[in-house]
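In UniProt numbering, the protein residues as written are 1 to 365.
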């Protein structure tokens, strides 16, 4: 019995040692996985580092591009587009107005009542809908017929129980894409961004396209203003506080506008306005500088995008692309460390992660 007990004890010791070895091996493997993950994140943190010195270099580079864009057409990566908005709201505006906003992810319809004082702005009704993906590469007629139909339904809902039938409505169209304006209510599309690819629309007057669709549906609605979303944000900020001079949008895309002196807009010498200033749409999504903290994930995303070597700044900071940068980081961690176990095929799909929220930044003097 003694020999049997010794044998069993020996087997137990061997088994315990084996289990311990497996556990130690797993723990060491787990530590190696985490070490790999930490190294990947540390590399990303270092690549994204923006000390004050680097930020100043980026600011200086953007200032140079701004001056070049104001001096001549095509002289800069920043288009510095004239908006023909030379007078911002005073707060004395009165009446009911409508707004249609076509962005990169959603379109919105609003009815707003202004009450002859800065503190009175009543958003009476608002609708927000996702943009159907098939519209982003359809045709001009299909896109604007859809928008006109949506406006028609919005008005029908309003007219139920109201006496507003037969009233001509004034509409502001907020269009979040680069437009070369010829007046405050007209302008031609320069190019699409944010995934839209309706090539036939490039060079067309956007306000005319919408007005034509409204007329086809028999809507008595006049497109009174065509503005960029940043200009809309600046106007709202100025309506509440006349010291507001800059607006920045961070949404599906990113852009900025500001109030500039007309004598500084050299490419339009002789430009006269009653206020001596004009809102300039920077279109800063296409800004680029070697001082920007570009990572390997930014480089790969740009190379694999449908508009490689274009909109470099926007691809680093906007909601349409930030989700995919996160996806690429997670995918690399999964491939290099197996930290999450088997890799889901979904993780290999571009743009499966999206940042859908947006916000506006207003700067006062």
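Ideal placement from N, C-alpha and C gives every residue a C-beta, glycine not left out. Quantities reported herein were computed from a predicted structural model and do not represent experimental measurements.
- Query: How big is the Cα-Cα spacing for residue 36 and residue 302?
  - Reply: To locate residue 36, count along the chain shown from 1; it is residue 36. To locate residue 302, count along the chain shown from 1; it is residue 302. Near 25 Å, if we compare the C-alpha coordinates of residue 302 and residue 36.
- Message: So, with DSSP's three-state summary, where would you put residue 393?
- Response: Coverage of the chain is limited to positions 1 through 365, which leaves residue 393 absent and any answer about it impossible.
- Task: Check residue 321 in the structure and name its three-state DSSP category.
- Result: Taking the first residue of the chain shown as 1, we reach residue 321 at position 321. Three-state DSSP puts residue 321 in a helix.
- Assign residue 148 to buried or exposed, taking buried as 16 or more other Cβ atoms, counted over all protein chains shown, within 10 Å of its Cβ. Indexing the chain shown from 1 puts residue 148 at position 148. Flag for residue 148 reads buried.
- DSSP beta-bridge partners for residue 136? The residue you call residue 136 lines up with position 136 of the chain shown. In the DSSP output, where bridge partners are listed per residue, residue 136 has none listed.
- Task: Look up residue 55 in the DSSP assignment and say whether it is helix, strand or coil.
- Result: Translated into the one-based positions of the chain shown, residue 55 becomes position 55. It is helical.
- Buried or exposed by the 16-neighbour rule on C-beta atoms within 10 Å, applied to residue 183: The sequence position of residue 183 within the chain shown is 183, counting from 1. Its Cβ having fewer than 16 others within 10 Å, residue 183 is exposed.
- Query: Under a three-way DSSP split, which group does residue 221 fall into?
  - Reply: To locate residue 221, count along the chain shown from 1; it is residue 221. In this structure, residue 221 counts as strand in the three-state DSSP scheme.
- Query: Does the distance from the C-beta atom of residue 65 to that of residue 72 stay below 9 Å?
  - Reply: Here residue 65 corresponds to residue number 65 of the chain shown, with the count starting at 1. Here residue 72 corresponds to residue number 72 of the chain shown, with the count starting at 1. Not closer than 9 Å, so no.
- Query: If you count every other CB in all the chains shown that lies within 10 Å of the CB of residue 178, and 16 or more means buried, which is it?
  - Reply: Counting from 1 along the chain shown, the entry for residue 178 is found at position 178. Flag for residue 178 reads buried.
- Roughly how many whole angstroms lie between the Cα atoms of residue 134 and residue 254? Numbered from its first residue, the chain shown carries residue 134 at position 134. Numbered from its first residue, the chain shown carries residue 254 at position 254. Straight-line Cα distance between these residues: approximately 23 Å.
- Kindly indicate which three-state DSSP category residue 77 falls into: helix, strand or coil? Within the chain shown, residue 77 is the residue found at index 77, counting from 1. Note: residue 77 maps to coil in three-state DSSP.
- Query: With a cut-off of 8 Å, do at least 3 Cβ pairs link the segment 51-68 to the segment 286-299?
  - Reply: yes
- Those runs of the alpha helix (DSSP H) which lie wholly inside the UniProt domain "Hexokinase C-terminal" (246-354) and span at least 4 residues: 296-304, 312-317, 319-337
- Task: Return the first residue and the last residue of the alpha helix (DSSP H) that residue 393 is part of.
- Result: Nothing about residue 393 can be reported from this structure: the residues present for the chain run from 1 to 365 only.
- Query: Nearest to residue 110 by alpha carbon, out of 171, 91, 51, 116?
  - Reply: Mapped onto the chain shown, residue 110 falls at position 110. It is 171 whose Cα lies nearest to the Cα of residue 110.
- Query: Does the count of Cβ pairs from the segment 222-229 and the segment 318-337 closer than 8 Å reach three?
  - Reply: no
- Item | Beta carbon of residue 174 nearer than 9 Å to that of residue 81 | Within the chain shown, residue 174 is the residue found at index 174, counting from 1. Within the chain shown, residue 81 is the residue found at index 81, counting from 1. Cβ distance not < 9 Å, so residue 174 and residue 81 don't count as in contact.
- Message: Measuring straight from C-alpha to C-alpha, what distance separates residue 130 and residue 105?
- Response: Position 130 of the chain shown, counted from the start, is the residue given in the question as residue 130. Position 105 of the chain shown, counted from the start, is the residue given in the question as residue 105. So the two alpha carbons sit approximately 6 Å from each other.
- Task: Pull up the distance between the alpha-carbon of residue 242 and that of residue 233, whole angstroms please.
- Result: Walking along the chain shown from the start, residue 242 turns up at place 242. Walking along the chain shown from the start, residue 233 turns up at place 233. The alpha-carbon atoms of residue 242 and residue 233 are separated by roughly 13 Å.
- Query: Around the Cβ of residue 24, are there at least 16 other Cβ atoms within 10 angstroms (buried) or fewer (exposed)?
  - Reply: Here residue 24 refers to the residue found at position 24 of the chain shown. Here the model assigns residue 24 a pLDDT of 43, short of 50, so the residue's position is not dependable and the matter cannot be decided.
- Using the rule of at least 16 other Cβ atoms within 10 Å of the residue's Cβ for burial, across every protein chain shown, is residue 240 buried or exposed? Here residue 240 corresponds to residue number 240 of the chain shown, with the count starting at 1. When all chains shown are included, residue 240 counts as exposed.
- Quick one: is residue 211 buried, meaning 16 or more other Cβ sit within 10 Å of its Cβ, or exposed? Within the chain shown, the letter at position 211 stands for residue 211. Buried.
- What residue range is occupied by the uninterrupted beta strand (DSSP E) comprising residue 124? To locate residue 124, count along the chain shown from 1; it is residue 124. That run of the beta strand (DSSP E) goes 121-130.
- Message: When you compare the segment 260-277 with the segment 85-97, are there three or more beta-carbon pairs, one atom per stretch, that lie closer than 8 Å?
- Response: yes
- With a 10 Å radius around its C-beta and 16 neighbouring C-beta atoms as the bar for buried, classify residue 351 as buried or exposed. Sequence index remark: in the chain shown, residue 351 carries index 351 (1-based). By the 10 Å Cβ count, residue 351 comes out exposed.
- Message: Is it buried or exposed, residue 279, if we count other Cβ atoms within 10 angstroms and call 16 or more buried?
- Response: Position 279 of the chain shown, counting from 1, holds the residue named residue 279. Under this definition residue 279 is a buried residue.
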